[in-house]
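Take a look at the structure set out below.
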Amino acid sequence: MIVKRVLSLAAAALPAALLASCVSIGAGGDPPEQLITLTARTTAPAGATSQGTVDSAIFVFEPEVEDRLDVNRVPVQIDPSSVAYLQNAFYVDHPSRLFQGLLAETLRVSTGRLVIAGADPGLPNRTRLYGRLVEMGYDVPSMSVTVTYDAVRVDPEGNINAQRFSHSVPGIAADSIYVAPALNDAANEVAASVAQWMGGFQG
């Protein structure tokens, strides 16, 4: 009976142990208290469909980033020459991919057009949105969260338009509890501005 009970307890504990190992980030240490993601304020309802052709679709590509944003951590600008990372704060994915998904969903809802997020299919005559995620982190001197995105739009004829979009949320304490929602707010403001800008073009 004792042996059976020990085996039963071990079997019950196995799923929890596997889950802990899956969410653990980095070598050793405890799992993070929370994981940060970006969620669009307005999303397409379940069952909503989009129709169009490759020529009329908007292709949204993963933005380029600097090394400090090429990790699943929230960068903290301590001073002009020093960068650290926010304690106990981890993104569920790379910031560039999170922002790409948010941007695509925002464009999908605001424009009503077919929006495709992913790799360049190498097809001509399409509207493409490239960009560079310049900032998505916390600034210590100003106690603010900032998201900055350099958008580059290429139309089907090959014409290029570029513009920088940025939004800051001030008065935020350096704690993931406050930084996470502020990052989501700032990212949504930037995405909405980009969508409005994209909507100002014909085709």
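Heads up: the sequence shown runs through residues -26 to -1, 1 to 177, numbered per mature numbering (1 follows the signal peptide of the UniProt record, and there is no 0). Glycine is no exception: its CB is placed at the ideal position from the N, C-alpha and C atoms.
By the C-beta density criterion, residue 32 is buried, having at least 16 other C-beta atoms within 10 angstroms.
Secondary structure of residue 32 (DSSP, three-state): strand. Sequence-distant partners of residue 163 (beyond 5 residues in either direction) whose C-beta falls short of 6 Å from its own C-beta, in its chain, are 141. Taking the Cα positions, residue 116 is about 36 Å away from residue 89. Here DSSP, grouped into helix, strand and coil, assigns residue 44 to coil. Within 10 angstroms of the beta-carbon of residue 132 lie fewer than 16 other beta-carbons, which makes it exposed. For residue 58, the closest C-alpha among the options 8, 114 and 123 is that of 114. Ranking 120, 9, 92 and 63 by CA distance to the CA of residue 77 puts 92 first. For the 8 Å CB-CB criterion, residue 125 and residue 103 form a contact. Rounded to the nearest whole angstrom, the CA to CA distance from residue 12 to residue 160 is 10 Å.
Boundaries of the alpha helix (DSSP H) harbouring residue 74: 69 to 85, taken from the DSSP string. The three-state secondary structure of residue 9, taken from DSSP, is strand. In the structure shown, residue 135 falls within a strand segment according to DSSP collapsed to helix, strand and coil.
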